[in-house]
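A.B. asks: Numbering-wise (numbering that gives the first Met the number 0), the sequence shown opens with residue 0 and increments by one. For each residue, glycine too, the CB sits at the ideal point set by N, CA and C.
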Amino acid sequence: MAPYVDFINHTDTDQCSLKIDGRGFHVSTTTTYEQGNQMYLSYGPHSNSFLLCEYGFTIPSNQWNDLDVSPVIIKQMNENQIEFLKANDYYGDYTIRKGSGVSYRTEIALAVLQEPQPQNSRKLNAYIQGLSEGEHYSAGSRLLLEAILTGPVKDYENSKHLHSNGKQDQIEERILRCIGSLYEDLKDIVDDVL
0 MAPYVDFINH TDTDQCSLKI DGRGFHVSTT TTYEQGNQMY LSYGPHSNSF LLCEYGFTIP
60 SNQWNDLDVS PVIIKQMNEN QIEFLKANDY YGDYTIRKGS GVSYRTEIAL AVLQEPQPQN
120 SRKLNAYIQG LSEGEHYSAG SRLLLEAILT GPVKDYENSK HLHSNGKQDQ IEERILRCIG
180 SLYEDLKDIV DDVL
């Protein structure tokens, strides 16, 4: 992207699009702007971790922030459970998002964790096929989720050293604030789910 685009403010919702052609640089929008109002651009559905790594900024209250709990869930699985999830295209990408909660993939993985031999479970197969709401697994999934989320809570509590103590220079202060805000984002997700 052209450096000029960095002068447009960023948001987590699409408000305008860009086009460069032989006639110039065009910004189109579906939002009405009065003269002097700021325009907003979205780089797409990206979490603050991604935006910070790729573009060097974050967005307050970013709706695309998520918590990937895949490594923690997969670590608890036996070989039968892993093979079952792979065979049913539900292996990996287990996320939690503020506002929408636990993804369906994560719900399935939590249910599978409760079945040592998932391929033999009629209840689980009915759940995966959409023939059941999975209520049989709700209580167990809740307990598993609470245990899984203790890790991010501890990470957040251990990140308090990332907050300023007033002894940093301006650059260090900004870096600490930025990294600290990523931990705040994760804590917000956990608080929303629990």
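Is Thr94 helix, strand or coil by DSSP?
C.D. replies: Strand, per DSSP.
A.B. asks: In angstroms, rounded to a whole number, what distance separates the CA positions of Asp154 and Gly21?
C.D. replies: Taking the straight line from one Cα to the other gives about 50 Å.
A.B. asks: The beta strand (DSSP E) spanning Thr28 covers which residue range?
C.D. replies: Element bounds for Thr28: 23–28.
A.B. asks: Can you say whether Lys74 is buried or exposed, counting buried as having 16 or more other CB atoms within 10 angstroms of its CB?
C.D. replies: Exposed: under 16 other Cβ atoms inside 10 Å.
A.B. asks: Over what stretch of residues does the beta strand (DSSP E) that includes Asp65 continue unbroken?
C.D. replies: Taken as a continuous stretch (DSSP letters only), the beta strand (DSSP E) holding Asp65 covers 65–67.
A.B. asks: So Ile107 packs on Asp65, CB below 8 Å; how close in whole Å?
C.D. replies: Incorrect: roughly 17 Å between the Cβ atoms, too far for contact.
A.B. asks: Less than 9 Å separating the beta-carbons of Asp11 and Ile58?
C.D. replies: Yes.
A.B. asks: Starting from the Cα of Ser69, find the closest Cα among Tyr126, Gln62, Pro151 and give me that residue.
C.D. replies: It is Pro151 whose Cα lies nearest to the Cα of Ser69.
A.B. asks: Between Ser137 and Ser131, what straight-line distance do the alpha-carbon atoms span, to the nearest angstrom?
C.D. replies: Whole-angstrom Cα-Cα distance: 12 Å.
A.B. asks: Give every residue of the same chain whose Cβ lies closer than 8 Å to the Cβ of Cys177, excluding the five residues on either side of it in the sequence, and list them in chain order.
C.D. replies: Counting only Cβ-Cβ distances below 8 Å, and skipping sequence neighbours, we find Leu51, Thr57.
A.B. asks: By Cβ distance, which residues of its chain are closer than 8 Å to Asp191, with the 5 residues on each side in sequence left out?
C.D. replies: The answer, listed in chain order, is Lys97, Gly98, Gly100.
A.B. asks: Rounded to whole angstroms, what's the CA-CA distance from Met0 to Ala146? Just pull it up for me.
C.D. replies: Low confidence applies here, because Met0 scores a pLDDT of 48, under 50, leaving its location unreliable and the question unanswered by this model.
A.B. asks: Among residues of its own chain, excluding the 5 on either side of Pro115, which ones have a beta-carbon nearer than 8 Å to its beta-carbon?
C.D. replies: Around Pro115: Asn77, Asn79, Gln80.
A.B. asks: Check Leu144 in the structure and name its three-state DSSP category.
C.D. replies: Helix, per DSSP.
A.B. asks: Would Ala86 be called buried (16 or more neighbouring beta carbons within 10 Å of its own) or exposed?
C.D. replies: Burial call: exposed.
A.B. asks: Return helix, strand or coil for Asn8, following the three-state DSSP convention.
C.D. replies: In the structure shown, Asn8 sits in a strand (DSSP, three-state: E or B).
A.B. asks: How long is the line joining the alpha carbons of Ser140 and Tyr90, rounded to whole angstroms?
C.D. replies: Spanning the two alpha carbons is a distance of roughly 17 Å.
A.B. asks: How big is the Cα-Cα spacing for Leu185 and Leu175?
C.D. replies: Those two C-alpha atoms are separated by around 16 Å.
A.B. asks: Measuring alpha carbon to alpha carbon, tell me which residue in Lys18, Gly35, Glu33, Gln34 is nearest Ser27.
C.D. replies: Among Lys18, Gly35, Glu33, Gln34, the Cα nearest to that of Ser27 is on Lys18.
A.B. asks: I'd like the span of the beta strand (DSSP E) that includes Ile19, first residue to last.
C.D. replies: It spans 15–20 - the beta strand (DSSP E) in which Ile19 sits, taken as one unbroken run.
A.B. asks: Rounded to the nearest angstrom, what separates Leu40 and Thr29 at their Cα positions?
C.D. replies: Spanning the two alpha carbons is a distance of roughly 12 Å.
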